[in-house]
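Numbering (our numbering), first residue to last: 10 to 325. Everything on this sheet refers to the single structure shown next.
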Amino acid sequence: MTEKILVIGANGQIGTELVNALRQIHGADSVIASDINSPTYAIRHSGPFELVNVLDKDNLHHIFNKHRPTQVYLLAAILSAVGEQKPKMAWDLNMTGLLHVLDFAVEFKVKKVFWPSSIAVFGPHSPQFDTPQYCVMDPNTVYGFSKLAGERWCEYYFNKYGLDVRSIRYPGLIGWRANPGGGTTDYAVHIFHEALKQGKYQSFLSANTALPMMYMDDAIRATLMLMDAPADKITIRSSYNLAGISFTPTQLADEIIKIMPGFEISYAGSDPRQAIADSWPKSIDDSYAQKDWGWQLEYDLPKIVADMLVNLKKII
Numbered sequence: 010m011t012e013k014i015l016v017i018g019a020n021g022q023i024g025t026e027l028v029n030a031l032r033q034i035h036g037a038d039s040v041i042a043s044d045i046n047s048p049t050y051a052i053r054h055s056g057p058f059e060l061v062n063v064l065d066k067d068n069l070h071h072i073f074n075k076h077r078p079t080q081v082y083l084l085a086a087i088l089s090a091v092g093e094q095k096p097k098m099a100w101d102l103n104m105t106g107l108l109h110v111l112d113f114a115v116e117f118k119v120k121k122v123f124w125p126s127s128i129a130v131f132g133p134h135s136p137q138f139d140t141p142q143y144c145v146m147d148p149n150t151v152y153g154f155s156k157l158a159g160e161r162w163c164e165y166y167f168n169k170y171g172l173d174v175r176s177i178r179y180p181g182l183i184g185w186r187a188n189p190g191g192g193t194t195d196y197a198v199h200i201f202h203e204a205l206k207q208g209k210y211q212s213f214l215s216a217n218t219a220l221p222m223m224y225m226d227d228a229i230r231a232t233l234m235l236m237d238a239p240a241d242k243i244t245i246r247s248s249y250n251l252a253g254i255s256f257t258p259t260q261l262a263d264e265i266i267k268i269m270p271g272f273e274i275s276y277a278g279s280d281p282r283q284a285i286a287d288s289w290p291k292s293i294d295d296s297y298a299q300k301d302w303g304w305q306l307e308y309d310l311p312k313i314v315a316d317m318l319v320n321l322k323k324i325i
């Protein structure tokens with residue numbers, strides 16, 4: 010059976026690359042990109058696109074009815090830093106949008122749904138090192154507790170309706186094809202742009218703030234591996250831990266200096282994103298993803314830095 014895949018939130022940092030990967034696998038016409046905003050050039054010229062607002066239930070129902078998707082990827086969300094500036098808007102988009110998609114996925118008998126969670130579901134009382142799949146989870150940001158609530162809804166729809174929902178708790182994501190979307194880990198993308206433009210960067214996180222990060226190529230590959238895995242191999246219906254690698258702004262800067270010896274980093278101090286970062290894990294245990302669907306990381310820090318600089322030089 011030919012897949013018909015709907016990607017909601019296709020203009021974002023993940024969506025831009027995921028749409029491209031899915032179209033390469035399934036063919037351009039089989040992947041409908043959608044977003045509340047007009048499409049990027051790459052998405053508009055590589056396949057079909059729909060304007061979609063996940064909070065507009067009638068509009069969203071029309072899109073489901075029109076395309077009858079077999080798979081849905083819901084990526085539309087307000088991220089951590091922006092969510093703290095607009096907390097009720099973030100909760101509404103992240104929660105109501107998910108519930109609309111889950112309801113329509115049941116109604117239209119969608120085979121599989123992907124919804125991203127985040128390391129933001131952990132909080133100040135979660136173990137900070139090798140944070141396990143199951144532990145205390147007390148997020149203190151709107152983004153974090155909307156994602157934690159979303160995990161519970163995904164598991165609920167699987168148990169109550171048999172909906173095949175799959176999810177990953179992404180670490181911070183680093184990529185060069187799209188701009189970041191307002192997250193606490195965005196420094197690890199901005200630093201490359203500023204290194205090439207200015208030869209220096211002022212980090213909004215402190216020098217020794219370690220966070221789990223992942224290169225976008227690995228994140229997309231993990232997403233596709235999870236979605237391709239047989240249903241009987243998926244033992245977690247809330248969201249899988251995904252580790253990536255952990256490093257600090259200083260360690261990232263040191264790696265950039267190996268390629269760009271004149272690069273300089275400084276630190277801003279007293280940024281509200283620091284408190285968010287301090288409440289998140291320093292490293293993650295993703296042994297369930299390894300065991301259940303064969304996950305293995307490919308990009309270490311030197312490989313990430315080299316690839317980012319090579320590709321950004323072409324477009325900056």
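Where a beta carbon is used, it is the ideal one built from N, C-alpha and C, also for glycine.
Around the C-beta of Cys144, are 16 or more other C-beta atoms found within 10 angstroms, so that it is buried, or is it exposed? In the sequence shown, counting from the first residue as 1, residue 144 sits at position 135. It counts as exposed.
Just to confirm the assignment, what range does the beta strand (DSSP E) spanning Ile254 have? Taking the first residue of the sequence shown as position 1, residue 254 is located at position 245. Where Ile254 is concerned, the enclosing beta strand (DSSP E) stretches over 254 to 256.
Which word fits Arg161, buried or exposed, when buried means at least 16 other C-beta atoms lie within 10 angstroms of its C-beta? By 1-based counting over the sequence shown, the position of residue 161 is 152. Under this definition Arg161 is an exposed residue.
Quick check: the stretch 58 to 73 against the stretch 111 to 124, are at least 3 beta-carbon pairs closer than 8 Å? yes
Continuous beta strand (DSSP E) assignments of at least 3 residues falling wholly in the stretch 77 to 157: 80 to 83, 121 to 123
Can the beta-carbon of Met236 be found closer than 8 Å to that of Phe123? If you number the sequence shown from 1, residue 236 lands on position 227. If you number the sequence shown from 1, residue 123 lands on position 114. Yes. Within cutoff.
Which first and last residues belong to the alpha helix (DSSP H) in which Ile284 is found? Walking along the sequence shown from the start, residue 284 turns up at place 275. As written in the sequence, residue 284 is Ala, which differs from the Ile given in the question. Note, Ala284: alpha helix (DSSP H), 281 to 287.
Identify every run of the alpha helix (DSSP H) within the stretch 14 to 44, keeping only runs that are complete inside it and at least 4 residues long; order them along the chain. For the stretch 14 to 44, whole alpha helix (DSSP H) runs of length 4 or above, ordered along the chain, are 22 to 35.
Work out the CA separation of Ala129 and Asn250 for me, nearest whole Å. Sequence index remark: in the sequence shown, residue 250 carries index 241 (1-based). Sequence index remark: in the sequence shown, residue 129 carries index 120 (1-based). In a straight line, the C-alpha of Asn250 is about 11 Å away from that of Ala129.
With Leu235 as the anchor, note down where its beta strand (DSSP E) starts and where it stops. For the purposes of this step, residue 235 is taken as the residue at position 226 of the sequence shown. Unbroken run through Leu235 is the alpha helix (DSSP H), 225 to 237; no beta strand (DSSP E).
Below 7 Å CB to CB, which residues in the same chain sit around Asp195 once its five sequence neighbours on both sides are set aside? Counting from 1 along the sequence shown, the entry for residue 195 is found at position 186. If we look at Asp195 and ignore the five residues flanking it on each side, its Cβ neighbours are Pro189.
Given Pro311, which residues of its chain have a CB within under 7 Å of its CB, disregarding the five upstream and five downstream residues? As a working note, residue 311 is residue 302 in the sequence shown. These residues qualify, in order along the chain: Glu264.
Start-to-end residues for the beta strand (DSSP E) that takes in Ile200: The count along the sequence shown starts at 1 and reaches residue 200 at position 191. Where Ile200 is concerned, there is no enclosing beta strand (DSSP E), although the alpha helix (DSSP H) it sits in stretches over 196 to 206.
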